[in-house]
Amino acid sequence: MAAIEVSALEREYRSGFKAVDGIDLRVEPGEVYGFLGPNGAGKTTTVRMLVTLLRPTGGRATVAGHDVATEPQKVRRKIGVALQEAALDHLMTGRELMELQATLHGIPARSVADRAQDLIGRVGLSDAQDRRVGTYSGGMRRRLDLAMALIHAPEVLFLDEPTTGLDPTSRATLWDEVRRLKADGTTVFLTTQYLEEADQLADRVGIISAGKIVAEGTPQALKDEVGRPHLDLCFVGDADLPRAREVLAGFGEVRVDTVDGVDLSVGVLEGSRAIAPVIRALDEAGIVVGRVELVEPTLDDVFAAQTGSHLEGAATPAPTAI
Amino acid sequence: MGGPSFTARVVWALARRSIRGSLRRPQFLAPLVIFPSMFLAVNVGGLTRTTSLPGFPAVDGFLDFQLAAAITQSLLIGGVATGIATALEIEGGFFDRLVASPIPRTALVLGRLIATAVTSAGQITYFLIIGLIFGASVKGGIAGVAVVYLIGIIAGVGFGAIGQAIALRAKSASTVQGIFPLVLVVLFASSAFFPRELLSSPVDVVAKYNPLSYISDGMRNPIIDGVGSTSVLEGVASALLVVAAAGGVAVLALRGRLRDA
Amino acid sequence: MRQSLIVVRALVRRALNEISRVPGAAIPGVLAPTIFMLGLSSVFGKASGLGGYGADFRTFIVPVGLLQGAGFTGAATGVNLARDIEQGWFDRLLLCPAPRTTLLTGVVASAGLRALLPSTFLLIVAFSIGVDVPTITGLLIAAVLVMGLACAMACFSVTLALRFRTQQAAPLMQIASFVGVLFTTSYAPKPLLTDWLRTVSDINPVTHVLEGVRQAFIGGVAWEHTWPAFLSLAGMITVLGWFAARGLRRYGV
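Protein chains in written order, with UniProt numbering: chain P, 1 to 322; chain E, 1 to 261; chain Z, 1 to 253.
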């Protein structure tokens with residue numbers, strides 16, 4: 001049985017606008033599924049339907065074996081949710097919020113305090129637990145939000161852009177937590193606009209654009225579809241370009257006139273392991289390399305190949321892959 | 001999980017949370033008692049001689065007459081405050097967290113209404129103490145005080161349900177706050193502040209059908225006269241009517257919100 | 001000087017814009033004094049039977065409604081400033097080269113103009129239900145006193161806004177304006193008040209302002225009611241304005 005199964009899921013608003021326009025996806029138990037797309041693509045709308053906060057206007061979705069439309073209460077018992085905005089009560093302390101959440105999820109009264117302490121310690125908020133949430137930093141609120149989503153050991157965890165606005169350290173902490181959850185067997189549905197996050201954490205990625213899934217697969221498989229890694233080379237002085245091409249042809253397909261400041265590009269299946277041999281071969285041929293850059297296809301390349309535009313989370317648009 | 005004991009536990013946990021939130025934000029609680037207190041002071045200070053007007057019921061002082069009005073006004077403002085708290089919860093996203101939890105849907109409304117009942121009891125206590133300090137007395141004794149609490153708490157819950165219903169439909173705190181003038185209008189069109197026989201037309205006619213008249217009269221008569229079955233029954237019935245109507249509207253508003261989400 | 005006037009005018013225009021762009025926020029403030037006037041006169045109308053009012057209760061209470069409008073407008077000015085502070089817009093304003101007194105004048109002056117909105121609405125309703133129309137002199141004096149009280153209340157609420165820097169101070173501003181206007185000869189002439197309220201109304205400078213407005217509706221304009229009203233108003237604006245200016249000078253220091 002799939003942890004999440006979605007078929008022709010749709011959400012149309014009264015204005016006629018379709019935020020989600022018939023998507024299909026399947027997430028296996030224990031998988032980390034990355035749902036990637038730019039702002040306004042339909043990620044949050046999809047999540048809100050799957051966690052029973054929004055009613056689908058078409059299609060079907062089951063989470064942990066229960067239909068979100070006809071068995072929402074059963075779905076809620078098995079999911080944990082950390083939404084895009086950390087939904088916390090700023091007047092309560094961290095501990096009070098955790099204990100309330102535990103109560104709302106039916107944890108026996110005698111276990112509430114211990115369970116709350118467990119999770120608070122796990123996310124590193126023990127020292128701050130008796131302070132009001134209104135005094136917490138953004139990173140602390142996110143951690144508390146995550147802890148609340150985990151208090152009842154859900155089968156499926158939904159994280160909607162969990163690291164947006166966080167500093168690198170907090171982001172890394174959250175990533176570690178996701179990896180730990182995966183090791184524990186929790187299914188994680190993670191929406192993000194950050195390529196690196198999807199790349200690092202997800203077993204499989206679905207890319208959504210304008211309400212439709214445009215690509216789905218493992219990060220590597222998706223990237224392989226759009227190209228191979230290549231080395232961009234820039235030579236010093238009046239380099240013998242025909243000779244350089246000859247040398248490089250022994251490593252892979254060579255391209256000229258790729259981007260500004262690059263003399264030649266060569267496709268290298270081995271990735272970074274190819275850098276030293278290539279430089280050595282060119283050096284032996286009397287060609288001095290001034291600059292070398294390993295360029296690997298990114299999920300942004302995948303998105304661009306499907307939609308013609310780039311994801312907003314991409315740092316800079318990647319050079320065209322070979 | 002599930003069943004009446006789980007529901008009770010959840011409702012109580014949410015009620016405790018609401019009460020705690022109110023106590024931690026005294027600047028929101030203060031208008032519930034300060035504004036009606038000011039009004040009470042000015043009414044008594046400015047119009048105390050009106051007790052000598054022909055047709056005014058026999059009272060020991062105008063303060064005795066006005067206490068029930070101040071309590072009713074305070075409870076109405078409390079209803080607006082309940083609505084504002086609900087709207088802020090919706091705006092801030094915590095309401096979504098509650099909706100995504102496996103709790104009975106009615107708990108979303110009941111928890112806050114129980115908190116409103118507790119706050120109402122506090123408001124009534126405040127005004128009874130203020131009244132006693134400044135020379136009022138409750139002719140009905142302990143029984144009279146009990147009647148005031150009974151009618152006042154039921155009415156307070158009803159007003160809270162109205163506030164919640166508006167918040168669930170409007171979803172914005174500033175919209176809920178904007179109904180405050182309307183609340184005053186309804187209160188003025190009743191016999192809360194002055195005997196019905198001495199109201200000007202057409203307010204006297206409107207007051208006859210306004211549940212606030214019976215609620216405030218039901219709380220007033222034990223103070224100025226003693227516990228009489230008619231006024232008690234009318235007061236309780238009117239308060240229950242408000243609870244039933246407002247509660248129904250609140251549940252419908254909740255269903256509508258969950259459906260339209 | 002000319003530059004200062006330009007800045008003042010721009011700030012006033014911004015404040016007036018809010019009325020048309022956020023009517024939902026403005027409407028309660030415009031309606032509330034009229035609701036009070038109609039409600040109080042419907043409920044306590046028979047009180048004028050006690051004698052000493054000089055007119056029916058409704059006419060007696062109209063000036064109270066006008067000053068309530070001024071008070072609410074003044075309080076709203078402080079609430080708006082607190083919102084601007086919370087949202088960071090006020091910091092942007094402080095970075096302008098205009099002197100801070102000019103900024104304060106603009107904010108306070110806008111309150112004076114905005115107070116005419118609830119007042120006008122209230123007078124239209126009052127005249128339509130039978131309240132006598134005052135003389136032009138009386139109306140002008142009333143208008144100036146209403147605008148002046150709004151400015152005084154604005155100075156007070158601006159001081160609170162600068163001190164607390166949060167909209168949560170709003171109830172404090174509103175209660176102050178409420179107490180200021182109602183703890184006077186608002187409901188009854190002085191002989192009918194209880195001892196404590198008579199004492200408070202003697203001390204409260206707004207009582208003179210109220211009597212200055214009331215003379216337009218009851219008894220006719222007389223110098224003996226006019227000069228105390230303007231003197232009290234001048235005193236309030238001076239003192240409260242000083243506090244506001246001081247609050248502004250200390251802001252961010």
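Cβ coordinates follow ideal geometry from the N, Cα and C atoms, glycine included.
- Residues of the same chain with a CB within less than 7 Å of the CB of residue 172 (chain E), apart from the 5 flanking positions on each side, are 87, 91 in chain order.
- Excluding sequence positions up to five before and after residue 166 (chain P), its CB lies within less than 8 Å of the CB of 138, 139, 142, 174, all in the same chain and listed in chain order.
- Counting only the Cα atoms, residue 94 (chain P) lies some 8 Å from residue 125 (chain P).
- Among the CB atoms of chain E, none fall inside 9 Å of the CB of residue 98 (chain P).
- Residue pairing by DSSP places residue 235 (chain P) opposite P:289 in a beta bridge.
- Secondary structure at residue 203 (chain Z): helix, using DSSP grouped into helix, strand and coil.
- The C-alpha of residue 35 (chain P) is placed about 7 Å away from the C-alpha of residue 43 (chain P).
- Using a CB distance below 9 Å, the part of the segment 32 to 56 of chain P facing chain E consists of 48, 51, 52, 53, 54, 55, ordered along the chain.
- For residue 269 (chain P), no alpha helix (DSSP H) run applies, since DSSP gives it neither H nor E.
- Counting only runs of at least 3 residues, the segment 3 to 47 of chain P fully encloses the following beta strand (DSSP E) elements, listed from N- to C-terminal order: 4 to 12, 18 to 27, 32 to 36.
- Contact annotation, residue 8 (chain Z) with residue 101 (chain Z): C-beta distance approximately 10 Å; criterion of less than 8 Å not satisfied.
- Residue 187 (chain P) sits in a strand when the DSSP states are folded into three classes.
- Nearest to residue 106 (chain Z) by C-alpha distance, out of Z:116, Z:50, Z:137, Z:81, is Z:81.
- Of the residues assessed, residue 73 (chain E) falls on the buried side of the cut-off, its CB having 16 or more other CB atoms within 10 angstroms.
- When C-beta distances to chain E are compared with 9 Å, every residue of the segment 70 to 90 of chain Z stays at or above that value.
- Contact annotation: the segment 25 to 35 of chain P touches the segment 185 to 193 of chain P, with at least three C-beta pairs closer than 8 Å.
- When Cβ-Cβ separations below 9 Å define contact, residue 14 (chain E) makes contact with chain P.
- Assignment of beta-bridge partners to residue 208 (chain E) by DSSP yields no partner.
- Relative to the Cα of residue 121 (chain P), the nearest Cα in the group P:74, P:146, P:105, P:103 belongs to P:146.
- Residue P:19 holds the alpha-carbon nearest to the alpha-carbon of residue 212 (chain P) among P:2, P:51, P:19.
- In this chain, residue 159 (chain P) is not harboured by any alpha helix (DSSP H); it is covered by the beta strand (DSSP E) spanning 156 to 160.
- Taking all protein chains shown into account, residue 248 (chain P) has 16 or more neighbouring C-beta atoms within 10 Å of its C-beta and is therefore buried.
- Cα atoms of residue 106 (chain P) and residue 17 (chain P): separation of roughly 38 Å, rounded to the nearest angstrom.
- In the structure shown, residue 82 (chain P) adopts extended strand secondary structure according to DSSP, grouped into three states.
- Residue range 204 to 209 is occupied by the beta strand (DSSP E) that includes residue 207 (chain P).
- For residue 13 (chain E), the enclosing alpha helix (DSSP H) starts and ends at 4 to 23.
- When only Cα atoms are considered, residue 267 (chain P) and residue 295 (chain P) end up about 9 Å apart.
- Per DSSP, reduced to three states, the secondary structure at residue 214 (chain P) is strand.
- Cβ proximity to chain E below 8 Å picks out nothing from the segment 124 to 150 of chain Z.
- When CB distances to chain Z are screened at a threshold of 7 Å, the residues of the segment 190 to 207 of chain E falling below it are 193, 194, 198, 199, 200, 203, in chain order.
- C-alpha of residue 109 (chain Z) to C-alpha of residue 33 (chain Z): approximately 21 Å in a straight line.
- In the DSSP assignment, residue 58 (chain P) falls within the beta strand (DSSP E) that extends over 58 to 63.
- Interface annotation, residue 186 (chain Z): in contact with chain E, CB-CB separation under 9 Å.
- Annotation: the continuous alpha helix (DSSP H) that includes residue 239 (chain Z) extends over 223 to 250.
- Rounded to the nearest whole angstrom, the CA to CA distance from residue 26 (chain E) to residue 32 (chain E) is 10 Å.
- DSSP, read as helix, strand or coil, puts residue 91 (chain P) in coil.
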